[in-house]
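Report on the following structure.
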Amino acid sequence: MEDHHLQLALSSLITLSFFLTILPPSYCIDNARFVECSIPFDGGRIKNISYSFLGGNRSELCNFQEFKLTCRDNEYPIIRIEELEFLVLNINQSQYIMTIARLDLWNHALQSIHDLFKGCNTSIEVPILRTALIDESVGLQNVLNQGFDVDYRNDWSITCSGCEASGGICGFNSFSHSFVCFCHDGEQPLVCSSNGMHARFSSIS
49 MEDHHLQLAL SSLITLSFFL TILPPSYCID NARFVECSIP FDGGRIKNIS YSFLGGNRSE
109 LCNFQEFKLT CRDNEYPIIR IEELEFLVLN INQSQYIMTI ARLDLWNHAL QSIHDLFKGC
169 NTSIEVPILR TALIDESVGL QNVLNQGFDV DYRNDWSITC SGCEASGGIC GFNSFSHSFV
229 CFCHDGEQPL VCSSNGMHAR FSSIS
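Its first residue numbered 49, the sequence shown is counted upward by one per residue in the working numbering.
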């Protein structure tokens, strides 16, 4: 009788061990970089922005320095492109299009232009939206305030889509200056590997 109870107990332990080993792995100890780059950028009127941008709560490990956004009170964030600063009015992440406006020409009734070129025989070129030309009644300052669209996609945009589809977070390796896919269990060069469930029996001593 004792042998029978012992066999039942061992059978229950083996069964329990079997079910424990085929459960998917717990993600309560996610990779630190995965967690860090999962945090979106929220700045003023621009919310929930991920790759290809950093700034605010988003670490510099999450992308390039040239895509750094700076919070500005409760208004639009600022991005620096070469020597100029631009207000980021909108970001369409699915189309990789960003609407920006020159900070030095924003809401100044063109006074900054007059001050800049006072006494000079020169001119500047400022891109504007195509739709801004449709309504001739719109003043020049309003046209400048609408900003213009720029395409910010790069060679890694398609790669990032594959990484995200595999459950990863797109990031940047500052040492090799290359794309990296941050996954729950570590880093991968392109996409996260599937977490297969492998059943096995554990020996009981």
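Quick reminder that beta carbons are idealized off the backbone N, C-alpha and C, glycines included. Quick caveat, the model's predicted, so the values are computed rather than measured.
Check: Alpha-carbon spacing of F220 relative to C110, whole angstroms; Outcome: 5 Å
Check: Integer-rounded CB distance, given that I148 should sit under 8 Å from V198; Outcome: 6 Å
Check: Alpha-carbon spacing of G104 relative to H225, whole angstroms; Outcome: 22 Å
Check: Through-space distance from I97 to Y124, alpha-carbon basis; Outcome: 13 Å
Check: For K116, the residue or residues it bridges with in DSSP; Outcome: L102
Check: C-beta atoms of V239 and S214 nearer than 8 Å; Outcome: yes
Check: According to DSSP, residues forming a beta bridge with F221; Outcome: Note that residue 221 is Asn in the sequence shown, not Phe. Answer is S226.
Check: Best match in L102, Y99 and E108 for proximity to F223 [C-alpha to C-alpha]; Outcome: E108
Check: Beta-carbon gap between L177 and Q194 smaller than 8 Å; Outcome: yes
Check: Proximity below 8 Å, CB of Y272 to CB of M146; Outcome: This structure cannot settle anything about residue 272, because the visible part of the chain is limited to 49 through 253.
Check: Distance CB(R81)-CB(E212) smaller than 8 Å; Outcome: no
Check: C-beta contact flag for F45 and N79 at 8 Å; Outcome: The first residue shown for the chain is 49 and the last is 253, placing residue 45 beyond what the model contains.
Check: Residues near E131 by beta carbon distance below 7 Å, same chain, minus five either side; Outcome: none
Check: G187 burial status per 10 Å Cβ neighbour count (16 or more: buried); Outcome: exposed
Check: Inter-residue spacing [alpha-carbon to alpha-carbon] between A157 and G216; Outcome: 46 Å
Check: Chain-order list of residues whose beta-carbon lies under 7 Å from that of G210 (same chain, five-residue window excluded); Outcome: L238 and V239
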